[in-house]
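In this note's numbering, the protein residues as written are 914 to 997. So the structure is just underneath, and the comments pick up after that.
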Amino acid sequence: MELIEKSMKTLFEQLGEASDDASIDRFIAKHGLLDGSTHLHEAPFWTASQASFLREALVLDAAWAPVVDELNARLHHSPDVTNT
């Protein structure tokens, strides 16, 4: 059994999305600021299989849960912007 490190990069790979840092940042910028009442897996931009994976990752697979939670937080909150 091969163990896969659970990270944002490997989560995006599992979802079939581009997984380099710049692509992840672009994805979050494009799809971010989800309404607070929208569950991550219910967001309109996921395919049915992606939504199912995200839902099951939280319910059934504790190993993925922290990374899915991080993605959820990043898609629901605007990035911190500091004017200096």
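Where is the CB? At the ideal position from N, CA and C, for every residue including glycine.
Linking L916 to A931 through their CA atoms gives a straight-line distance of about 21 Å. For P979, the CB contacts under 8 Å within the same chain, skipping 5 residues up- and downstream, are K919 in chain order. Counting along the chain, S965 sits inside the alpha helix (DSSP H) bounded by residues A961 to L973. Less than 8 Å divides the Cβ of H944 from the Cβ of A956. For the 8 Å CB-CB criterion, H989 and L947 form a contact.
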